[in-house]
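Report on the following structure.
Numbering (the working numbering), first residue to last: 224 to 335.
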């Protein structure tokens, strides 16, 4: 039973770190007016999902991951709209990409 609780505790903590990381990407993308299509916690098919404004939020069954899907983040998806990831200036794209790691550093500083 102790092993099960330990594994569960690690999964919860890992999930917390992932959410902070993905939130960093999400908040900077929104601030720079990039359309965020999906904000997901976990992998696999959605267990719970809802849509607010243009973003679909979801909670998925495998807690070891997560993602933020932005409009135009894949080269073959680029349509030239101003709210797409690749339509932003190079330094804005760097800010979005690095925001996850920066949020991890900030949260570690606050917690410890």
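Where is the CB? At the ideal position from N, CA and C, for every residue including glycine.
Suppose you measure from the CA of residue 318 to the CA of residue 308; what does that come to, to the nearest Å? The alpha-carbon atoms of residue 318 and residue 308 are separated by roughly 11 angstroms.
Hey, which unbroken runs of the beta strand (DSSP E) at 3 residues or more fall wholly within the region 250-305? 259-266, 271-275, 278-282 and 285-293, all fully within the region 250-305.
Which residues in the same chain as residue 277 place their Cβ atom closer than 8 angstroms to its Cβ, once the five residues preceding and following it in sequence are excluded? Excluding positions up to five away in sequence, the list reads 258, 259 and 260.
Exposure label - residue 281; buried when at least 16 CB within 10 Å: Counting Cβ neighbours within 10 Å, residue 281 comes out buried, since at least 16 surround it.
Residue 242, DSSP secondary structure in three states: Of the three classes helix, strand and coil, the one that applies to residue 242 here is helix, per DSSP.
How should residue 232 be labelled, buried or exposed, when 16 other C-beta atoms within 10 angstroms of its C-beta is the threshold for buried? Label assigned to residue 232: exposed.
For residue 265, count neighbouring C-beta atoms within 10 Å of its own C-beta (all shown protein chains included) and say buried if the count is 16 or more, exposed if not. Residue 265 is buried by the Cβ-count criterion.
Taking only the alpha-carbon atoms, compute the straight-line gap between residue 293 and residue 224 and give it to the nearest angstrom. Residue 293 and residue 224: Cα-Cα distance of roughly 41 angstroms.
Can you tell me whether DSSP reads residue 224 as helix, strand or coil? Here DSSP, grouped into helix, strand and coil, assigns residue 224 to coil.
Within the same chain, show all residues whose beta-carbon is closer than 7 angstroms to that of residue 246, passing over the 5 residues directly before and after it, in chain order. Result list for residue 246: 326, in chain order.
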